[in-house]
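Residue numbering for the sequence shown follows our numbering, starting at 108 and increasing by one per position. Think of the CB as a built atom: it goes at the ideal place given N, C-alpha and C, for glycine as much as any other residue.
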Amino acid sequence: MKTVRHAKVTFAVFPDHEALSRSAARIVVDLIRMADAPLICLASGSTPRRTYDLIPPLCRGDGVTTDRVRFVKLDEWLDLPTRVPGTCEAQLTEQLIDPLGVDAGRYLSFASDPVDPVAECARVATALEAQGPIDLAILGLGRNGHLGFNEPAKALIPNCHVTTLSAVSQDHPMVRDTNAVPTRGITLGIADILHARRVLLLASGAEKREQVVRMVSGTVDPRFPASFLQLHPAVTCVCDEDAAALLPGAS
Ligand code: GLP
108 MKTVRHAKVT FAVFPDHEAL SRSAARIVVD LIRMADAPLI CLASGSTPRR
158 TYDLIPPLCR GDGVTTDRVR FVKLDEWLDL PTRVPGTCEA QLTEQLIDPL
208 GVDAGRYLSF ASDPVDPVAE CARVATALEA QGPIDLAILG LGRNGHLGFN
258 EPAKALIPNC HVTTLSAVSQ DHPMVRDTNA VPTRGITLGI ADILHARRVL
308 LLASGAEKRE QVVRMVSGTV DPRFPASFLQ LHPAVTCVCD EDAAALLPGA
358 S
């Protein structure tokens, strides 16, 4: 593993996706072991999938109790029935919430098919206000620089909100094959992310190469939401060599 720092972001560069996943899972399990009732924010998608697979067996193997850990879902596609394949809910429930035995009171989650999405945002915002701050925000890096469903825009919205999905998001493998591809999403806002005590950003593969560099280019640009992570004092980007290939000093 090689460590480099750019614009206050620490990059931990691993040979491949498996190695970065093992490191990320270790960070999460250590937090669950050490902290009292930590609140962990969960992205979805392909990058964290292996990390999430590793967490329940690591907890069991290390004898780490999970009866106080709390989770909050980062984002969700709107207008899909709850838990159908492709929803963030299906992924997180299957990989973490059920295997770790997390009860409903310890899992804060947007519904994917709320009657009133704006009211759903208000519900999650109020609960997060009461339960926060987030101790660790696990994030993925969108191909267009989005964080959660904070999409590139002229201005970003601080807290939970409904968002119109970019073409890039609508083409994401999670929903590409669904009958009716969602056009709207629901997400924690950029301030919710920046208020987390610690951010763990996962980036893997050559398709994230340019994004990793642009994220730490020195300017904070709402047209590239990941650049806002430069404002946070404790961001670790756990990535593989493919994703870090254009990052100065990483190879
Ligand atoms: C989707 C998810 C995000 C995720 C992003 C990157 O937009 N809603 O939570 O961070 O994709 O996904 P991947 O890791 O599959 O590239």
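Would you give the residue range spanned by the beta strand (DSSP E) that residue i belongs to?
| i | result |
| --- | --- |
| residue 233 | No beta strand (DSSP E) contains residue 233, which is instead part of the alpha helix (DSSP H) from 224 to 238. |
| residue 147 | 146 to 149 |
| residue 268 | 268 to 271 |
| residue 347 | 342 to 347 |
Could you tell me the boundaries of the alpha helix (DSSP H) in which residue i lies?
| i | result |
| --- | --- |
| residue 356 | Careful: residue 356 lies outside any alpha helix (DSSP H) and carries neither H nor E. |
Taking the alpha carbon of residue i as the reference point, which residue from the options has its own alpha carbon closest?
| i | options | result |
| --- | --- | --- |
| residue 303 | 229, 132, 216, 246 | 246 |
| residue 270 | 237, 299, 305, 225 | 225 |
| residue 177 | 265, 348, 237, 293 | 237 |
| residue 278 | 297, 300, 251 | 251 |
| residue 350 | 122, 264, 113 | 122 |
| residue 173 | 249, 223, 144, 113 | 144 |
| residue 299 | 184, 206, 234 | 234 |
| residue 296 | 223, 241, 266 | 266 |
| residue 125 | 305, 203, 316, 345 | 345 |
| residue 317 | 334, 305, 329 | 334 |
Does residue i pass the burial test, meaning 16 or more other C-beta atoms within 10 Å, or should it be called exposed?
| i | result |
| --- | --- |
| residue 187 | buried |
| residue 255 | buried |
| residue 213 | buried |
| residue 115 | exposed |
| residue 338 | exposed |
| residue 324 | exposed |
| residue 281 | buried |
| residue 222 | exposed |
Examine ligand 1 and report whether any of its heavy atoms sits within less than 7 Å of the Cβ of residue i.
| i | result |
| --- | --- |
| residue 150 | yes |
| residue 195 | yes |
| residue 354 | no |
| residue 153 | yes |
| residue 256 | yes |
| residue 276 | yes |
| residue 279 | yes |
| residue 328 | no |
For the segment 306 to 321 against the segment 121 to 140, are there 3 or more C-beta pairs whose distance is under 8 Å? Judged by Cβ distances under 8 Å, the segment 306 to 321 makes contact with the segment 121 to 140, as three or more pairs qualify.
Touch check for the segment 279 to 296 and the segment 155 to 169: three-plus C-beta pairs under 8 Å? Contact between the segment 279 to 296 and the segment 155 to 169 is absent, because fewer than three Cβ pairs lie under 8 Å.
Whether or not the segment 208 to 222 and the segment 167 to 182 are in contact is what I'm after, with contact meaning three or more pairs of Cβ atoms, one per stretch, closer than 8 Å; do they touch? Contact between the segment 167 to 182 and the segment 208 to 222 is present, with at least three C-beta pairs closer than 8 Å.
With contact counted as at least three CB pairs below 8 Å, one residue from each stretch, are the segment 188 to 196 and the segment 163 to 170 in contact? Note that the segment 188 to 196 does not touch the segment 163 to 170; fewer than 3 beta-carbon pairs, one per stretch, sit closer than 8 Å.
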